[in-house]
Structure formats: structure tokens, C-alpha cells
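Scroll down for the structure; my scribbles are underneath it.
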Amino acid sequence: MRSETNSRAVDATLFDWPASDPALKASRCLECGALAFPAGTNCRNCGAIAVTQERLPRRGRLWAWTIQRFMPKAPYRSLETLATFTPYGVGYVELPGALCIESRLTENDPRKLRIGMELELVIYPQWLEEDGTAVMSFAFKPV
Amino acid sequence: MRVAIVGIGIHKFGRTPELSGVQQGACAARSALEDAGSRWQDMQFGYGGSYSAGNADALGNELGLTGIPFTNVLNGCATGGSALLAGCREIQSGAADLGLVVGFDKHDRGAFNASPAEYGLGAWYGEVGMMVTTQFFAMKLQRYMHQYDISVDTLARVAQKAYENGALNPNAWRRTPLGLEEIKSSPMVNDPLTKYMFCSPAEGAVALVLCREDHAHRYTRKPVFVSAAVMRTRLAGAFEVYGPTVSVTQVPNATELASRAAFEMAGLGPRDIDVVQLQDTECGAEIMHMAENGFCAHGDQEHLLHDGQTRLDGRLPINTDGGCLANGEPIGASGLRQIHENVLQLRGAAGRHQVPREINTAYTHVYGAPGVSAVTILQK
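Protein chains in written order, with our numbering: chain D, 1 to 143; chain Z, 1 to 380.
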């Protein structure tokens, strides 16, 4: 993981960064209790504007998955070109008692992915900016 | 009062480099007007849309600028269904007796690249590589196959049937039948879906002439009536395209909401339907949509497809014109293509892809980003 001075989160609402123990951040509606990720300033279920923030569990189980085998068009950003593109795993991860979160997976071998397997949150660099700043995003990794 | 469809027109799907999307829309509109024995100057309203090929009211430049109210519809895969629904309401309200609905499109090659901001999502969602529709369909299918024991052979059977039906349809794009092995061994795109299991963005156009039920015989000897036209959007927590989360408790999706409402509106059930057009963005979508629309129990698709029950001569023919798999996906046109096909089937005029028995009731379903679905039920 990169030092604190030359990295930033791809979106500051997703997780605290830099952090020694990063977790995804959700919002919970104070009226209907619905949980939402990414955290919002209102509830996506009932529309109430009274919400509070909470940290989501760092571990969960694979709920659905695929391998992205072609390089997405813009707005996709990465360190790759069409020639160097490496397929990546994408899935939904069920965080117990919370939500299923769509996320990149660190594993891209379909033989090593199965629904129900245990995964944990990691923060990784998605691309580098011109000044060298690493733009960090979240993924889930087999435990 | 029901609304009658008294004219239908289509511009061939696929690639037509010499015509713009609007020009293809005009071709479809002229055919629909001719089919109804009426003129553009007789139309009292227009509703229509495209996703990538401009405003539908630009059709006025092709057909004539007549001063009528023409409303542009931009509603993703539900564009055609929403245009039809609006046209039906226009007539049912008594505001008009006769009008045109139209959908057309012309997309670039390759997967769609939507803008996160247009869907109310942060830029990060696209930047990290999750704003990809094919991923959604693959993940939903991967889970479905795991839950209900659907095999890869069953996926391939959907594509095999689509290209077989496409070969019989002169307006389809993909008209070469493919074998199961060829479909299964084509390059993997998003596991478990291979290249020939997906539809591709394409071009095409469809138009319909609508009128009051009691005026239908002025325009045609074989009117088709709209018994239900419904459009629904997603609920919080449902598993839908471009959804960063799904609830841990099951929430009905937009398709299930639209389907239930349509059957209720028509006073019919799935067993009353003779022919079905379902959103088949990829093979798994057709399989999952069979159950979500009430045509079978989850998991029964495995034996229904093995037994050929969804082929033209089966008990429940599905995507009789080849669906999106054989026609491609021009977003603005696909929903009306399904209706065009069902009108042909109800008239007994589908030629080589006609279902070989009496057709009285026909069903259409579209589904797309960000969780929209439109369903229609048509009857003779």
C-alpha cells in the first residue's frame, strides 16, 4: 500500500482514506432504517433527509460474479492500454446483515471463484495521476 | 376503451450505413401509414424516441411539418413501451382519435458506455470499470444458474433458437443459424456468457399507427387491440442494472412489477398467452425473464428448452422474430419491434416465422438500465 502523501480515494464518500483500518461507508435512514451505499445525504428508499453514517463490515461472502474480459470504454480509467488490458473479476459481496455491494474482485480466475466463498475488503490503486498520485479504489479479496 | 393498432412498419434491423437513424424512422413511419391506409397529415399526435440517433420529432423534416404535438420520449429500453403507453393514453383520454408512435436508433459498435452522472451515480462507478451492462447480466445469470441448476447447454439453446428464427425473418440482422458447440466455444465475454450469447448494439426502426377501438375497421380488416401497456421502474434494493448495491432480502424487480400489473390490467394470466417476446440482451436474460414474467417456475427452463417448448412449434414460442440476439439492440426501436412481431403473429402474417397455430393473445417485455421494464399484452 502506498504512503499517505501520494494517494487519494477515487471518491471520498466511499471509504476513509488514508486509514489504517479502512471500511466502506454507508448511510442509514433515521426514519425507515434503510441502509445505502454509497452513503447519501438522503434515503434512497423513502426519501427522508435524516440519515446517519455507519461503517460496513469488512468481510462478506461472494453473492454473484463475472469476469470482465474486454476493456470497458471511457469513463473507465486504468494504467492499461487495449494491448495490456488484464481481465478483472467483478462481483456482489454479501456483507452480513447489511447489503450486497458491487465490487471489483482481486481474483480473475473463474476456477477460483465460487458463490458463498469468504472475501475481505482491500484498497488498491486503480490508476496514477500525472503527478504520480495513486487513485485508490476498493476491491474484495478471497480470505 | 381499448386502443387499436391499425398500421405497422419496420426498417430492417442491423447496419444501414447509408441512412441516418431518423431516416430509418421515416421509412418505418411511411410503411405504418401505408399499412393503415392513412397519411401523415391525418395523424393528430406523435410519440417517439431514440437513445443515440437524435430527437424523434426530427421525423417532421422527413414526413412533413404539420404542426401536431410530437413528444420526444427518452426512457432507455422502455422508450418504445413508454411511447406506446403515452399514445394509448392520448386516445383513451379522448384528446385524439389517431396518431403515430415510433422508435428508432443507430448505435456505435461495441458495448454501450453510459455516463454515470446521467444515472445519478458518482464518476468513480465508471472509472473503476463497473458501469458495464454486460457485467450485470452475467452476474445475475451466474447467481441464477447456481440457484436453479441451469446448464451452459441451456444458454446455448436460447441463442441457437434465436439465430434459427432470425434466419426465417427478412428484417433480422443475424440470419445464419449457429450450432450449440459454435455458440459455446465462441470467445468468452463475461463469464458464463460467450460472444454469440450476447446481442450487439445495432440500428433499426419501427412505427405503429394507433386509433380508437371503434374506428379500427376504417383502417384495417385485422386490427389488434392493446389489452395492457405498462411501464415500471426499480424499487430500492432490487437487483437491477447499474446498481451499486442489492438488498440482502429479496425485493421484486422492475420486470416482475411490470408483468404483474400488465396481467392484472388485461384480466389475463400467463396461461392465456399464445406467443411471447422477451428481452434477450443475452441468453440468460431470456431464461430468467421466462420465470420473472410468470411463464414458468424458476428452474423449469432447463427441461422446457431441452424439449424445444420455446421454439416456433413449441407450447410457448418465445422471440419468434429472433429477438435482440438476431436483430441486434437499437434501444429506441426494440420494444416496438416486439410489438410489430406480435401484430404479425396475430394477423397470421409473419410468413416463415409464423407460429403454426391460432394466435389470439401475445405478450411483449423489455428490460434495461437502470431498472426499467415495459410489458404489453395484445389481442385480436
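Just so it is clear, CB atoms sit at the ideal spot from N, CA and C, and this is done for glycine as well.
This one's a predicted model, so the numbers in the text were calculated from it and none came from an experiment.
Taking residue i as the reference, give the member of the options with the closest Cα.
{"i": "residue 54 of chain D", "options": "D:27, D:132, D:91", "result": "D:27"}
{"i": "residue 26 of chain Z", "options": "Z:208, Z:188, Z:252", "result": "Z:208"}
{"i": "residue 63 of chain Z", "options": "Z:349, Z:344, Z:134, Z:39", "result": "Z:39"}
{"i": "residue 106 of chain Z", "options": "Z:297, Z:18, Z:323, Z:255", "result": "Z:18"}
{"i": "residue 73 of chain D", "options": "Z:82, Z:130, Z:69", "result": "Z:130"}
{"i": "residue 239 of chain Z", "options": "Z:128, Z:121, Z:139, Z:344", "result": "Z:139"}
{"i": "residue 143 of chain D", "options": "D:126, D:132, D:107", "result": "D:107"}
{"i": "residue 29 of chain D", "options": "D:22, D:94, D:68, D:41", "result": "D:41"}
{"i": "residue 212 of chain Z", "options": "Z:91, Z:327, Z:344", "result": "Z:91"}
{"i": "residue 251 of chain Z", "options": "Z:68, Z:168, Z:236", "result": "Z:236"}
{"i": "residue 342 of chain Z", "options": "Z:15, Z:359, Z:331", "result": "Z:359"}
{"i": "residue 162 of chain Z", "options": "Z:332, Z:292, Z:232, Z:179", "result": "Z:179"}
{"i": "residue 318 of chain Z", "options": "Z:301, Z:332, Z:333", "result": "Z:301"}
{"i": "residue 100 of chain D", "options": "D:110, D:87, D:115", "result": "D:115"}
{"i": "residue 170 of chain Z", "options": "Z:320, Z:1, Z:368", "result": "Z:320"}
Using the beta-carbon of each residue, which ones in chain D are nearer than 8 Å to residue i?
{"i": "residue 140 of chain Z", "result": "64"}
{"i": "residue 244 of chain Z", "result": "37, 38, 101, 102"}
{"i": "residue 247 of chain Z", "result": "99, 100"}
With a threshold of 6 Å (Cβ to nearest heavy atom), would residue i be considered close to the ligand PLP?
{"i": "residue 303 of chain Z", "result": "Looking for the ligand PLP in the displayed structure turns up nothing, as the structure carries no ligands at all."}
Taking C-beta to C-beta, are residue i and residue j nearer than 7 Å?
{"i": "residue 412 of chain Z", "j": "residue 175 of chain Z", "result": "Only positions 1 to 380 of chain Z appear in the structure, and residue 412 of chain Z is not among them; the question remains open."}
{"i": "residue 381 of chain Z", "j": "residue 103 of chain Z", "result": "It is not possible to answer for residue 381 of chain Z, since the shown part of chain Z is limited to 1 through 380."}
{"i": "residue 205 of chain Z", "j": "residue 353 of chain Z", "result": "no"}
{"i": "residue 274 of chain Z", "j": "residue 325 of chain Z", "result": "no"}
{"i": "residue 20 of chain D", "j": "residue 136 of chain D", "result": "no"}
{"i": "residue 126 of chain Z", "j": "residue 83 of chain Z", "result": "no"}
{"i": "residue 378 of chain Z", "j": "residue 224 of chain Z", "result": "yes"}
{"i": "residue 68 of chain D", "j": "residue 51 of chain D", "result": "no"}
{"i": "residue 257 of chain Z", "j": "residue 232 of chain Z", "result": "yes"}
{"i": "residue 219 of chain Z", "j": "residue 46 of chain Z", "result": "no"}
{"i": "residue 400 of chain Z", "j": "residue 37 of chain D", "result": "Absent from the structure is residue 400 of chain Z, since the part of chain Z shown begins at 1 and ends at 380."}
If you follow the beta strand (DSSP E) that residue i is in, where does it begin and where does it stop?
{"i": "residue 275 of chain Z", "result": "275-277"}
{"i": "residue 72 of chain Z", "result": "70-72"}
{"i": "residue 78 of chain D", "result": "It is not in any beta strand (DSSP E) - residue 78 of chain D carries neither H nor E in the DSSP assignment."}
{"i": "residue 46 of chain Z", "result": "46-49"}
{"i": "residue 61 of chain Z", "result": "First-last for residue 61 of chain Z: 59-63, but that is the alpha helix (DSSP H), not the beta strand (DSSP E)."}
{"i": "residue 29 of chain D", "result": "25-29"}
{"i": "residue 245 of chain Z", "result": "245-247"}
{"i": "residue 14 of chain Z", "result": "3-14"}
{"i": "residue 378 of chain Z", "result": "372-379"}
{"i": "residue 224 of chain Z", "result": "224-233"}
{"i": "residue 190 of chain Z", "result": "188-190"}
{"i": "residue 204 of chain Z", "result": "203-212"}
{"i": "residue 138 of chain D", "result": "134-142"}
{"i": "residue 10 of chain D", "result": "Premise fails: residue 10 of chain D is in no beta strand (DSSP E) and is neither H nor E."}
Residue i touches chain Z at which residues, Cβ-Cβ below 8 Å?
{"i": "residue 34 of chain D", "result": "236, 237"}
Let's see if you can read the secondary structure: which residues bound the alpha helix (DSSP H) around residue i?
{"i": "residue 85 of chain Z", "result": "79-92"}
{"i": "residue 26 of chain Z", "result": "21-35"}
Which residues in chain Z sit within 7 Å of residue i, going by Cβ to Cβ distance?
{"i": "residue 14 of chain D", "result": "124"}
Can you list the residues of chain D that residue i reaches, using a CB-CB cut of under 7 Å?
{"i": "residue 135 of chain Z", "result": "66, 68, 90"}
{"i": "residue 132 of chain Z", "result": "68, 72"}
Legend entry - Sequence ranges, beta strand (DSSP E) only - wholly within the stretch 98-179 of chain Z, length at least 3: 98-106
Inset, instruction - Could you tell me which uninterrupted alpha helix (DSSP H) segments, each at least 4 residues in length, are contained entirely in the stretch 303-370 of chain Z, listed from first to last along the chain? - result: 323-327, 331-347
Inset, instruction - Could you name each continuous alpha helix (DSSP H) segment of 4 residues or more that falls completely within the stretch 262-298 of chain Z, going from the start of the chain to the end? - result: 283-292
Legend entry - beta strand (DSSP E) segments (min. 3 residues) lying fully within the stretch 65-122 of chain D: 88-94, 99-105
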